[in-house]
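For reference, the structure is listed below as structure tokens.
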Amino acid sequence: MDILARYFDGVRPVAQAVTLRRVAAGLEIVLPDGRAPILWPYAEARIDALTPEVQLHRVRQNLDTGERLIASAEAFQREFGSMLASFGRGRAGEAGAMRIALWCALAVASLAFLFFVGLPVLARVAAPMVPWRWEAALGRSVEPQVLEYFSKEKDKPIAFCGGEASAGTAALQAMVSRLSAGANLPAPVRVDVLDTPMTNAFALPGGRIFIFRPIIDKAMSPDEVAGVLAHEIGHVVHRDAMRGLIHNGALSLLIGAVLGDITGGSTIAILSKMMLGSAYSRETESEADRVSVDLMRRAGADPRAINDFFRRISPLGNATPTIFDALSSHPVTSERIAAVEALAAAIPKGGKPILEAQEWAALKAICAQTVKPAKEAP
């Protein structure tokens, strides 16, 4: 007896009302427009479900043809129940699983290539093409949000150390001028010290640099602070904050598209991640170290002083690198110490400190006076 069914031909996403007929060779599909019936041999028919409706698909030479049949479970059992053992089994599911696994593997490989190769290349090429004034405007626009983020770290409003008329600020600006003179930047860098307990320093897009108070407190010489500052100027020279923003912004949009959230991550979330030290690659940090050594040399200061700072603040200062170092987003301190020593090998030791004794004393006391950040005009 014939039974009614819905047939999808694998080409058009539209169901056709058909009649299923049991014949010796398999399932015969009688089309409504008078065309020749379609025969599904039992070995090519795969049952996907028996309730609440019977759902079948067709496999030929282990390839899914895309054809589908849906029929009443009761009518199908009545007409074809005795033939269920004749339907193909196992190989269709395995073939489908293999295809899915293959496509998943290709998708993962493509995303991995894009993440590790495509996005870094995009960021490296695109960042220098961004006009400096645009980059500086971006830095100004996110600065209040970045400061708000760090202010939450200690549950009170962030404050800047010093003030426009303080001796500590004058000493800091003297250091900045002596270092940046050899940087060949399109605009002066702007540096402030933040009164916050985290030992850190970072550069925003457009040459805005922040040094955290513990850098000043823990430094034993002006050249140690200068080494940290010169490293951040190195990031400005290579426009690393802009590169990181492009890279992480593109990645965020990519993930958003894959997961169905096309809004992506916010700029502040990306920048906060970068500022906490997780966005710069080992190569990027090494490039900034090279600039740091060169700027310190041009200023007549000792580029090795930063190594003394590293050894004091990091327990990894004299550690032996392990296999896990290859997975780090930053070079471990021992690697950076060795790299700086190699870069500075030809530079005579014992140069004149970058600040005079009186200037250094003023810089050490810069956080004795603090001020709230001023709002800048856009």
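Quick note: the sequence shown uses the numbering used here, first residue 724, plus one each step. A virtual CB, placed ideally from N, CA and C, is assigned to each residue, including glycine. Just so it is clear, the structure is predicted and the values come from calculations on it, not from any experiment.
Under 8 Å by Cβ, that's how I've got residue i and residue j pegged, so tell me the actual separation to the nearest angstrom.
i, j, result
"ILE770", "TRP763", "12 Å between Cβ atoms; not a contact."
"ALA859", "ALA910", "7 Å"
"LEU829", "PRO1096", "With a Cβ gap of about 49 Å, LEU829 and PRO1096 do not count as contacting."
Verify whether the separation of the beta carbon atoms of residue i and residue j is less than 7 Å.
i, j, result
"ALA890", "ALA1085", "yes"
"MET898", "ILE1089", "no"
"ALA953", "LEU908", "no"
"LEU927", "ALA964", "yes"
"GLN1092", "GLY886", "yes"
"GLY1137", "GLU790", "Lying before the first or after the last residue shown, residue 1137 is absent from the chain, which here runs from 724 to 1101."
"GLU767", "ARG781", "yes"
"ASP940", "ALA1024", "no"
"PHE883", "VAL1094", "yes"
"GLU1006", "HIS961", "no"
"LEU750", "VAL741", "no"
"ILE761", "LEU743", "no"
"SER944", "ALA1028", "yes"
What is the residue span of the beta strand (DSSP E) that residue i lies within?
i, result
"GLY789", "786 to 795"
"PRO945", "Premise fails: PRO945 lies in the alpha helix (DSSP H), 945 to 960, not in any beta strand (DSSP E)."
"VAL740", "A small fix is needed here, since residue 740 is Ala in this sequence, not Val. 739 to 746 is the span of the beta strand (DSSP E), which, as asked, contains ALA740."
"PRO867", "It is not in any beta strand (DSSP E) - PRO867 instead sits in the alpha helix (DSSP H) that spans 855 to 874."
"ALA924", "924 to 927"
"GLU887", "GLU887 -> no beta strand (DSSP E), and no H or E assigned at all."
"GLN778", "776 to 783"
"ASP756", "ASP756 -> no beta strand (DSSP E), and no H or E assigned at all."
Can you tell me which of the options puts its alpha carbon nearest to the alpha carbon of residue i?
i, options, result
"LEU902", "GLY967, VAL959 and PHE1032", "VAL959"
"GLU1008", "ALA1022, ARG1021, VAL951 and ARG1034", "VAL951"
"THR919", "PRO937, VAL912, PRO911 and ALA910", "PRO937"
"ARG1059", "ALA747, ARG781 and SER1004", "SER1004"
"GLN1081", "VAL914, PHE810, THR892 and LYS941", "THR892"
"GLY1073", "VAL853, ILE939 and PRO1026", "PRO1026"
"ALA1062", "TRP855, SER1015, LYS1075 and TRP1083", "SER1015"
"GLN739", "LEU792, GLU866 and LEU786", "LEU792"
"ARG913", "GLU955, MET921, PRO945 and THR922", "GLU955"
"GLU1079", "ALA1028, ALA894, ARG744 and LYS1095", "ALA894"
"VAL728", "ILE934, GLN868, GLU1064 and GLU797", "First, the residue type needs correcting, since residue 728 is Ala and not Val in the sequence shown. Among ILE934, GLN868, GLU1064 and GLU797, the Cα nearest to that of ALA728 belongs to GLU797."
"LYS1087", "ALA942, SER1057, PHE810 and ALA906", "ALA942"
"VAL810", "ALA772, PRO854 and ILE1070", "One point to set straight first is that residue 810 is Phe, not Val, in the sequence displayed. Ranking ALA772, PRO854 and ILE1070 by Cα distance to PHE810 puts ALA772 first."
"ARG863", "ASN1030, PHE933, ARG783 and PHE1033", "PHE933"
"ARG1020", "PHE1033, ALA1067 and ARG1034", "ALA1067"
"SER1057", "VAL948, VAL746, ARG1013 and PHE1033", "PHE1033"
"ARG783", "THR774, SER795 and TYR765", "TYR765"
"MET724", "TYR730, ALA794 and ARG745", "ARG745"
"PHE873", "GLN896, ALA888, THR922 and VAL737", "THR922"
Taking buried to mean at least 16 other C-beta atoms within 10 Å of its own C-beta, is residue i buried or exposed?
i, result
"PRO880", "exposed"
"ARG735", "exposed"
"ALA904", "exposed"
"TRP857", "exposed"
"ASP756", "exposed"
"MET998", "Annotation note: pLDDT 46 at MET998 (below 50); position unreliable, coordinate value reported separately. Flag for MET998 reads buried."
"ALA759", "exposed"
"LEU807", "exposed"
"ARG966", "buried"
"THR986", "Low local confidence applies: a pLDDT of 43 at THR986 is under 50, so the model's placement there is unreliable, and no value is given."
"ASN785", "exposed"
"GLY804", "exposed"
"VAL865", "buried"
"ALA1022", "buried"
"ALA949", "buried"
"ARG814", "Its pLDDT being 45, under 50, ARG814 is placed unreliably in this model, and the coordinates cannot settle the point."
Quick one: is residue i near chain B, going by C-beta distance under 7 Å?
i, result
"ALA1062", "You won't find chain B in this structure, because it holds only one protein chain."
Note the first and the last residue of the continuous alpha helix (DSSP H) segment covering residue i.
i, result
"ASP771", "Segment 768 to 772 is the beta strand (DSSP E) holding ASP771; no alpha helix (DSSP H) there."
"ASP1012", "1005 to 1021"
"PRO937", "936 to 941"
"GLY749", "No alpha helix (DSSP H) contains GLY749, which is instead part of the beta strand (DSSP E) from 749 to 753."
"GLU1082", "1080 to 1087"
"ARG901", "890 to 903"
"ASP1031", "1028 to 1036"
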